[in-house]
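J.: Under my numbering, the residue at position 7 of the sequence shown is numbered 109, and the numbers go up by one with no gaps. Positions of the beta carbon are idealized from the N, C-alpha and C atoms, including for glycine. Owing to the predicted nature of the structure, the values given are computational and were not obtained by experimental measurement. There's a structure below that I have some questions on.
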Amino acid sequence: MLQRPQTLFLALIIVSMGLFLGLPIWEKTIGEQSATLSAFSLTYTDAAKQVVEESKLYLAALAILAGGLALFSLLQFTNRVRQMLLNLVNTLVMIALLGLSTYESHIKANALFNPETPGSFKIGFFALTIALLANVAANRFIRMDERKVKDAFERLR
């Protein structure tokens, strides 16, 4: 049913993936040089105000996939086993997204200028972390519901 706690957590995943898509993930500014990583691109601006933009659409595609899986899982409330499977796949997608975001920020973007000074993670990265935690919580509540239904069925026998 849609009034279960896991519905709120699955909705939180969808909102978090929207925030991941709309807000910067990582940023580094030193003097007149700056680099910003978003779900769609890595933008580097130097002192001469030249802008170099590198596409990162695979981050956006994974975030859209994670949000879509959460929405589909939310609508599968009648089949809890399928919901758990969808959430497992969604966990793998979000872990891949977390790993790629970290790789892009620390390995690729940080090497653009002054690699000794690290950048800072922004709200988009933390939205992804919240989505991962919400996915774990949703899966836990779905498992609890499945256990309750099995116990009730066993008592009827």
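#1: In chain order, what residues of the same chain lie with their CB nearer than 7 Å to the CB of Arg245, ignoring the 5 residues before and after it?
#2: Anyone know if the C-beta pair for Leu202 and Leu164 falls short of 9 Å?
#3: Tell me the DSSP secondary structure of Gln152 in three-state form.
#4: Assess contact between the stretch 195 to 215 and the stretch 121 to 128, defined as three or more Cβ pairs (one per stretch) separated by less than 8 Å. Is contact present?
#5: So Ile115 and Asn237 are in contact, right, with Cβ under 8 Å, and what is the actual spacing, rounded?
#6: Kindly indicate the opening and closing residues of the alpha helix (DSSP H) around Leu214.
#7: Since Lys158 and Ser143 should fall inside the 8 Å C-beta cutoff, what is the C-beta to C-beta distance between them, to a whole number of angstroms?
#8: For Asn181, count neighbouring C-beta atoms within 10 Å of its own C-beta (all shown protein chains included) and say buried if the count is 16 or more, exposed if not.
#9: Suppose you measure from the CA of Tyr146 to the CA of Ile132; what does that come to, to the nearest Å?
#10: Going along the chain, which unbroken runs of the alpha helix (DSSP H) with 4 or more residues stay wholly within the stretch 145 to 200?
#11: Quick check: the Cα distance between Phe122 and Leu112, rounded to an integer number of angstroms?
#12: Give the single residue among Gln152, Val195 and Val154 whose Cα lies nearest to the Cα of Leu171.
#13: For Val251, which residues from the same chain have a beta carbon less than 8 Å from its beta carbon, with the 5 sequence-adjacent residues on both sides left out?
#14: Taking Cβ to Cβ, would you say Asn243 is nearer than 9 Å to Gln152?
#15: Between the alpha carbons of Leu167 and Gly120, how many angstroms are there, rounded?
#16: Please report how far the alpha carbon of Ser175 lies from the alpha carbon of Arg184, in whole angstroms.
#17: Does the distance from the CB of Gly221 to the CB of Ala211 come in under 9 Å?
T.: Per the coordinate set shown:
#1: Answer for Arg245: Met186, listed in chain order.
#2: In this structure, the beta-carbon distance from Leu202 to Leu164 falls below 9 Å.
#3: DSSP places Gln152 in coil when its eight states are reduced to three.
#4: As far as the Cβ criterion goes, the stretch 195 to 215 touches the stretch 121 to 128, which means the pair count is three or higher.
#5: In this structure Ile115 touches Asn237 by the C-beta definition: roughly 6 Å separates them, less than 8 Å.
#6: Element bounds for Leu214: n/a, residue is neither H nor E.
#7: The beta carbons of Lys158 and Ser143 sit about 5 Å from each other, so the pair counts as a contact at 8 Å.
#8: Counting Cβ neighbours within 10 Å, Asn181 comes out exposed, since fewer than 16 surround it.
#9: About 12 Å.
#10: As for any alpha helix (DSSP H) of minimum length 4 sitting wholly inside the stretch 145 to 200, the runs are 159 to 177, ordered along the chain.
#11: Taking the straight line joining both Cα atoms gives about 15 Å.
#12: Put simply, of Gln152, Val195 and Val154 the residue whose alpha carbon is nearest the alpha carbon of Leu171 is Val195.
#13: The answer, listed in chain order, is Arg182.
#14: Sequence check: residue 243 is Phe here, not Asn. No, the pair does not count as a contact, with Cβ atoms beyond the cut-off.
#15: Looking at the two C-alpha atoms, the distance is approximately 11 Å.
#16: When rounded, the distance between both Cα atoms is 8 Å.
#17: Going by C-beta atoms, Gly221 is nearer than 9 Å to Ala211.
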